[in-house]
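>
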Amino acid sequence: TISIEHASKSFGSTEVLKDISLDVKDGEFLVLLGSSGCGKSTLLNIIAGLEPIADGEIRLDGEVVNDVHPKNRDIAMVFQSYALYPNMTVERNIAFGLEMRRISKAERKAAVREVASMLQIEHLLARKPAQLSGGQRQRVAMGRALVRRPKIFLFDEPLSNLDAKLRGEMRTEIKKLHQTLKATMVYVTHDQIEAMTLADRIAIMKDGIIQQIGTPQEIYSKPANMYVAGFVGAPP
Ligand code: ATP
Ligand code: MG
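Residue numbers for the sequence shown follow this note's numbering, beginning at 72 and rising by one.
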């Protein structure tokens with residue numbers, strides 16, 4: 072369980088997250104939906120520990136982790152930009168997170184194979200990121216997150232660089248992965264369709280405030296305000 076309690080975050084004099092409280096249940100797929108600049112990435116970053124918070128508490132399974140280093144939170148993050156190491160092969164990119172943890176070479180190899188087979192990128196293991204398509208890079212980025220078997224996955228607009236067809240395919244795969252792994256996933260997007268198809272619950276954000284949180288049906292049929300109605304295209 073992820074619990075955020077009264078979290079606030081400012082950059083300089085700009086308050087980017089305003090007293091946010093949010094619970095994500097074990098195994099839940101929560102989508103954070105909102106327009107550019109509303110604070111979605113910042114919220115993910117504070118869960119991952121990449122940004123400190125000024126006020127409030129972040130708990131993972133009840134434990135306060137405000138001062139816990141990102142490496143010691145059982146979380147993997149997948150970014151829009153993939154963030155792959157350009158000089159490493161696909162295999163090494165995926166294995167890298169395991170190398171840091173003193174896992175034996177044989178075990179690493181086996182783990183990479185398993186994940187690569189899951190993502191259908193076994194034939195790409197010897198390549199460098201520059202030799203891959205956007206969709207393939209995104210799979211490698213997913214592989215790198217998956218191989219560590221974390222309890223929590225955070226996705227920051229992972230599909231926004233892909234064309235519509237590939238986006239649809241990857242969406243289906245992410246949904247399948249969620250069902251297989253039964254992991255807790257928080258997925259940031261500004262795409263309403265993506266939110267509606269993936270989410271157990273959607274949190275709609277605007278200007279650093281969560282406007283409404285609920286199932287796609289609840290949000291569509293009972294939008295809390297005009298902004299939410301407009302954003303998801305529901306009748307007000
Ligand atoms: P997008 O959909 O464009 O990715 P977002 O919802 O993820 O937007 P954030 O990246 O969380 O938005 O940014 C929220 C606000 O905080 C923006 O106004 C942004 O300019 C500001 N901001 C984000 N990171 C920093 C930073 N490191 N320093 C200063 N301001 C920042
Ligand atoms: Mg963002």
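Don't be surprised by glycine CBs; every beta carbon is placed ideally from N, CA and C.
Keep in mind it's a predicted model, so treat the numbers as computed, not measured.
I need the DSSP call for Met-171, collapsed to helix, strand or coil.
In the sequence shown, the residue the question calls residue 171 occupies position 100. Met-171 falls in the coil class under three-state DSSP.
> Go to Ser-292, then tell me how far its alpha helix (DSSP H) extends in each direction, as first and last residue.
Within the sequence shown, the letter at position 221 stands for residue 292. 287–292 is the extent of the alpha helix (DSSP H) around Ser-292.
> Looking at the strands, I want to know which residues DSSP matches up with Arg-130.
Position 59 of the sequence shown, counted from the start, is the residue given in the question as residue 130. Paired residue(s): Ser-74, Val-135.
> Based on the DSSP output, what are the partners of Ile-146 in its beta bridges?
Residue numbering aside, residue 146 sits at position 75 when the sequence shown is read from its first letter. Ile-146 is bridged to Ile-223.
> Return no unless some Cβ of chain C is closer than 9 Å to the Cβ of Asn-116.
Reference to chain C is not applicable here, since this structure consists of a single protein chain.
> Can you name, in chain order, every residue of its own chain whose Cβ lies under 6 Å from the Cβ of Gly-206, other than the five neighbours on each side?
Sequence index remark: in the sequence shown, residue 206 carries index 135 (1-based). Within the same chain, Gly-206 has close Cβ partners Leu-233, Leu-237.
> Count the other CB atoms within 10 Å of the CB of Ile-264; is the residue buried (16 or more) or exposed (fewer)?
Here residue 264 refers to the residue found at position 193 of the sequence shown. Flag for Ile-264 reads exposed.
> Could you say which of Glu-128, Leu-103, Val-183 lies nearest to Arg-220 if we only look at CA atoms?
Taking the sequence shown and counting its residues from 1, the one referred to as residue 220 is at position 149. Among Glu-128, Leu-103, Val-183, the Cα nearest to that of Arg-220 belongs to Val-183.
> Is Phe-82 near the ligand ATP, going by C-beta to nearest heavy atom under 8 Å?
Here the question's residue 82 lines up with position 11 in the sequence shown. Yes, the ligand ATP has a heavy atom inside 8 Å of this Cβ.
> Tell me where the beta strand (DSSP E) around Ser-231 begins and ends.
Locating residue 231 in the sequence shown gives position 160, counting from the first residue. Where Ser-231 is concerned, there is no enclosing beta strand (DSSP E), given that its DSSP letter is neither H nor E.
> What residue does the beta strand (DSSP E) around Thr-85 start on, and which one ends it?
Position 14 of the sequence shown, counting from 1, holds the residue named residue 85. It spans 85–95 - the beta strand (DSSP E) in which Thr-85 sits, taken as one unbroken run.
> To which residues of the same chain is Ala-274 closer than 6 Å at the C-beta, ignoring the five residues directly before and after it?
Numbered from 1 along the sequence shown, position 203 holds the residue referred to as residue 274. For Ala-274, where only same-chain residues beyond five positions count, the Cβ hits under 6 Å are Leu-103, Ile-281, Ile-284.
> Less than 9 Å between the C-beta atoms of Ala-187 and Val-161, yes or no?
Residue mapping note: residue 187 aligns to position 116 of the sequence shown, counting from 1. Residue mapping note: residue 161 aligns to position 90 of the sequence shown, counting from 1. Contact: yes.
> Restricting to Cα atoms, I'd like to know which of Asp-94, Gly-108, Ser-79, Ala-154 is closest to Ile-117.
Position 46 of the sequence shown, counted from the first residue, corresponds to residue 117. The shortest Cα separation from Ile-117 among Asp-94, Gly-108, Ser-79, Ala-154 belongs to Ser-79.
> For Glu-240, which of Asp-278, Gln-191, Ala-216 has the nearest alpha-carbon?
On the sequence shown, position 169 is the one that residue 240 refers to. The option with the nearest alpha carbon to Glu-240 is Gln-191.
> In whole angstroms, what is the alpha-carbon distance linking Met-256 and Ile-223?
Translated into positions along the sequence shown, residue 256 becomes position 185. Translated into positions along the sequence shown, residue 223 becomes position 152. So the two alpha carbons sit approximately 6 Å from each other.
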